[in-house]
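Accompanying notes for the structure given below.
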Amino acid sequence: MTYADPVEIARDAGKHTHHFHGGLRLRHNKRISCRVPVERPPLPDILVVPLLQHAGEAARPLVETGDRVRKGQQIGRCKAGVAVHAPTSGTVETVEDRLMTHASGMTGPCVVIRPDGKEQWVELEPINDVQNTHPDVLIKKLQESGLVGLGGAVFPTHIKARDGRERQIHTLILNGAECEPYISCDEMLMREQPDKIILGARILRHALGAERVIIAIEDRMGAVQEALTYAAECAECKRITVVKITKIYPEGGERQLVQVLTGLEVPYGGRPSDLGLLCQNVATAAAVAEAVTAGKPLIERYVTVTGNGIAQPRNLLALIGTPFSHLVKVCGGYSDNVARLVVGGPMMGYAVSTDATPVVKAVNCILALTQRDITTPQAEMPCIRCGECSRTCPAILLPQQLYKQIKNGWWDTVEEYGLAACIECGCCDFVCPSHIPLVSWFRYGKDELRQRAIAKQAADLARKRFEAREGRLLQKEHERAEKMARRKQMLKDKAKSKDRVNRANGNSADA
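Okay, so the sequence shown: first residue is 1 according to this note's numbering, each after it adds one.
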């Protein structure tokens, strides 16, 4: 019996749509922020630009207090080459640790810029003839422009592109399926700038050496499909296909989207590139077009400012580093009963303690919830093993068993149940009748495993150092013993030689 090659099956991605396991049908609540066109808000009084806005280590600051900077100037860079740029021209007030836009509420290095209102750009270096430019040059341009995945993971785009080219992927998937309720920034981007997305898709396809591009959108986005299809036809690009997929949360997850388009599961511990696929967000594609053809680095992004706690919900084109408070003010301020500020959507987002928090590359939504929106916390009760969490889990895990493993501290076996595959989508939390905060337990479990891995690595390193030291001491002792043995042998040989001389002299005297 022969089996079809998954890579070959994946070449037919998008011809038919499929379903992934579990998921939820949620009310999307997106219309309230899509009533007016996207606008660029006025410059804020201050911009706080964190130097850690990508997966990996923080960038090293390239400016100091008092420096004058221009719009688009590099102000930070790290070893991996991911750059951070000044969102506008102005003066660096300070470079210091400040509150970062992160679920942990941690602080980190930030460059604080006071805008001068002149919007003076650095000299831009666009690439005019993209099709005759070597892919390595294009990928280098993405690196210098500070591009990261704008779907939320903020993985460096140039690293992902280089890996995809080396693995010879055949299909580029642009993810336009915003599965989180309330978030509509990608939808507005696709409505208003379809030409830029198509251009970015063509550039990425050339850089990757891919055969075709699929743009995946939700089935309710009829106007978006028309806009993107028309833009692709105008560009005379027959290798770009727009595919509508059924809206079932979290269909926008990378692994779930691949399964919907191909019917295949990404191998556990693997990546879509194992199937010849590479996924990028539609906003990333638009940023690619800006970086390559206009020479502009990633210094702004579409942000949805919405929720019942916002007076006039809408989407804004916000500069990186803009305080949330400034965007909320542009949207008419808060309603009287606002209770919580969330970054992202209600399912996978996280609350922040202050609206002084700055916009970073990962921020796609600022959600203000009222007290009525927030479910009153209920007492956690014992798991009744109903199986609802397993039924809805899109990663096909056993959340109830994972919970049991983590709660009992059975760390030696917890990885066998696929904890690393959990995407923290919140489906299990949503349906649990016992009100168990399963995702919180899973995050705790992942952190505990990370800490244990770090401790094990440190212990292994200490053991290796100890063994190396013991080996060195043993070697020195061995060398010392050999040296002592040689010395003893030398003295012994010297004594024998002297004895022979003496006997020879004695014999000569007798004669």
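Even for Gly, the Cβ is constructed at its ideal location relative to N, Cα and C.
Computed from a predicted model, the values in this text were never measured in an experiment.
Check, Outcome
"What is the rounded straight-line gap between the Cα of arginine 212 and the Cα of isoleucine 320?", "32 angstroms"
"Tell me which residues share the same chain as proline 399 and place their Cβ nearer than 7 angstroms to its Cβ, disregarding the 5 neighbours each side in the sequence.", "Cys389, Ser390, Cys393, Cys428 and Leu438"
"In whole angstroms, what separates the C-alpha of leucine 512 from that of glutamate 265?", "Missing from the structure shown is residue 512; the chain here goes from 1 to 511 and no further."
"For lysine 196 versus alanine 289, is the C-beta spacing smaller than 8 angstroms?", "yes"
"Any contact between the segment 200-212 and the segment 225-240? By contact I mean 3 or more CB pairs, one from each, below 8 angstroms.", "yes"
"Hey, quick one: how far does the alpha helix (DSSP H) through lysine 407 stretch, first residue to last?", "399-407"
"Closest by CA to glycine 108, which one among Val95, Pro115 and Glu119?", "Val95"
"When you compare the segment 336-353 with the segment 369-388, are there three or more beta-carbon pairs, one atom per stretch, that lie closer than 8 angstroms?", "yes"
"Give me the Cα-Cα distance between alanine 458 and alanine 395, rounded to the nearest whole angstrom.", "32 angstroms"
"What first and last residue would you give for the alpha helix (DSSP H) that runs through glutamine 143?", "135-144"
"With a threshold of 16 other CB atoms inside 10 Å of the CB of cysteine 365, please say whether the residue is buried or exposed.", "buried"
"Buried or exposed for proline 37, going by 16 or more other Cβ atoms inside 10 Å?", "exposed"
"Given a threshold of 16 other Cβ atoms within 10 Å of its Cβ, counted over all protein chains shown, does arginine 422 qualify as buried or as exposed?", "As written in the sequence, residue 422 is cysteine, which differs from the arginine given in the question. The residue in question, cysteine 422, is buried, as its Cβ has 16 or more Cβ neighbours within 10 Å."
"Given this structure, state the Cα-to-Cα distance separating valine 7 from tyrosine 230, to the nearest angstrom.", "30 angstroms"
"Looking at the structure shown, is tryptophan 411 part of a helix, part of a strand, or coil, going by DSSP?", "coil"
"Please classify arginine 98: does DSSP put it in a helix, a strand, or coil?", "strand"
"Give the single residue among Arg469, Gly426, Leu461 and Leu419 whose Cα lies nearest to the Cα of arginine 450.", "Leu419"
"Whose C-beta lies closer than 7 angstroms to the C-beta of methionine 1 among residues of the same chain, with five residues either side of it excluded?", "The predicted position of methionine 1 is uncertain, since its pLDDT is 41 and thus under 50; no value can be drawn from it."
"Which value, in whole angstroms, describes the spacing of the CA atoms of arginine 114 and glutamate 64?", "13 angstroms"
"Please classify asparagine 132: is it buried, with 16 or more other beta-carbons within 10 angstroms of its beta-carbon, or exposed?", "exposed"
"So what does DSSP say about leucine 264, is it helix, strand or coil?", "coil"
"Tell me whether threonine 357 is buried or exposed, calling it buried when 16 or more other Cβ atoms sit within 10 Å of its Cβ.", "buried"
"Mind checking tyrosine 417: buried by the 16 CB within 10 Å criterion, or exposed?", "buried"
"With DSSP as the reference, label alanine 395 as helix, strand or coil.", "coil"
"Does the distance from the CB of alanine 59 to the CB of leucine 51 come in under 8 angstroms?", "yes"
"With contact counted as at least three CB pairs below 8 angstroms, one residue from each stretch, are the segment 96-107 and the segment 291-311 in contact?", "no"
"Classify histidine 28: buried if its beta carbon has 16 or more other beta carbons within 10 angstroms, exposed otherwise.", "buried"
"How big is the Cα-Cα spacing for glycine 471 and arginine 480?", "14 angstroms"
"Can you round the beta-carbon distance between methionine 188 and valine 282 to whole angstroms, since I take them to be within the 8 angstroms contact cut?", "Incorrect: roughly 11 angstroms between the Cβ atoms, too far for contact."
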